[in-house]
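What follows is a set of notes on a single structure, which appears directly below.
Structural data, given as structure tokens:
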């Protein structure tokens, strides 16, 4: 009798474990189809009637729950937004996989299909430096997507010139213990690449530098945070709470305005995962931002 009860208890425990595991897997949003999040921002520093739409694609993290087939689906989704500009905001690979040069992690063929009538451009993220930044640059070039790391690209829409500027990663690659990590960003070099007073948009991977940005960039876009990757009811974003220095001023996700109301930033949670392929309460997303000039 005891043998039967023990066997029954083990079988019941195993079934309960499997049911719990299946429930957890079903609620893991890491592999769900991407959702579309939209923002409309008024930009008083821009001429009235000058409007630009920008699609944001960030934190692909090839190798952690992301493969070429899934990335192709993401590319089709972002193309369907039909934005003027597509901005790729870094962390193309996960640092753990970035040094392996696995052909399955070649994202260039998928991103080569990104389509926008004015421009497709990107910047590097900290994981790109942690992995193999030269390979990342090679794959950007192979996809024919310019990297705007500390430089700017002159563009125009309806006869109005504007600039798409970019910063290199503010974190860069890891350094030996005891040494200070130094970012590769150079805002002064970026500013020097802009040669007139036409409207300017700034692309960056990490949002940390937002408070220090000059007023020349009334609009900035960032990724990096994954929105904390986990957002639980009543608890919030535990990773954001646990690492306050990593998530400067809690700017983990959404739309932010500077204290003087002269600058705005959108931080996207991106499409991929870092470390483990798990997302709860923070579904993978692509973003559409409609910028509307409201100045004189």
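In our numbering, the protein residues as written are 180 to 475.
Just so you know, even glycine gets a beta-carbon here, dropped at the ideal spot from N, CA and C.
- Its Cα nearest to that of residue 367, the residue 330 stands out among 330, 218, 231, 444.
- Bounds of any beta strand (DSSP E) do not take in residue 450, whose DSSP letter is neither H nor E.
- Residue 409 and residue 219 have their C-alpha atoms some 26 Å from each other.
- If you ignore the 5 residues before and after residue 448, its C-beta comes within less than 6 Å of the C-beta of 405, 406, 432, 461, 464, all in its own chain and listed in chain order.
- In its chain, beyond the 5 residues on either side, 409 have a beta carbon closer than 6 Å to the beta carbon of residue 459.
- Per DSSP, the continuous alpha helix (DSSP H) segment holding residue 319 begins and ends at 312-321.
- Shortest Cα-Cα distance from residue 298 to any of 262, 315, 269 involves 262.
- Residue 436 sits exposed, since fewer than 16 C-beta atoms from the chains shown fall within 10 Å of its C-beta.
- Linking residue 445 to residue 231 through their CA atoms gives a straight-line distance of about 15 Å.
- Taking a contact as a CB-CB distance under 8 Å, the pair residue 269 and residue 302 counts as one, their CB atoms being some 5 Å apart.
- Secondary structure note for residue 381: its beta strand (DSSP E) is the uninterrupted segment 379-382.
- Of all alpha-carbon atoms in 453, 247, 256, 384, the one lying nearest the alpha-carbon of residue 213 is that of 256.
- As the crow flies, the alpha-carbon of residue 253 is around 26 Å from that of residue 419.
- Note on geometry: alpha-carbon atoms of residue 392 and residue 378 lie some 15 Å from one another.
- Residue state for residue 301 is assigned as strand, using DSSP reduced to three classes.
- Annotated as distal: residue 300 and residue 333, with beta-carbon spacing of 8 Å or more.
- DSSP places residue 369 in the helix class (H, G or I) of the three-state scheme.
- Taking a contact as a CB-CB distance under 8 Å, the pair residue 399 and residue 383 counts as one, their CB atoms being some 6 Å apart.
- Here the C-alpha atom of residue 474 lies approximately 8 Å from the C-alpha atom of residue 228.
- By the CB criterion at 8 Å, residue 216 and residue 260 fall outside the cutoff.
- A check of alpha carbon separations from residue 289 across 323, 296, 313, 312 identifies 323 as the nearest.
- Counting C-beta atoms within 10 angstroms of its own C-beta, residue 305 has 16 or more neighbours from the protein chains shown and is therefore classed as buried.
- Distance from the CA atom of residue 315 to the CA atom of residue 394, rounded to whole angstroms, is 31 Å.
- Residue 468 sits in a strand when the DSSP states are folded into three classes.
- A distance below 8 Å between beta-carbons, with the five flanking residues on each side excluded, links residue 222 to the following residues of its chain, in chain order: 378, 397, 398, 443, 470, 471, 472, 473, 474.
- Around residue 287, the same chain offers 318, 321, 322 as residues with beta carbons nearer than 6 Å, after the five sequence neighbours per side are excluded.
- Looking at the DSSP output, residue 215 bridges to 465.
- Taking 8 Å as the cut-off, the beta carbon of residue 456 is found no closer than this to the beta carbon of residue 272.
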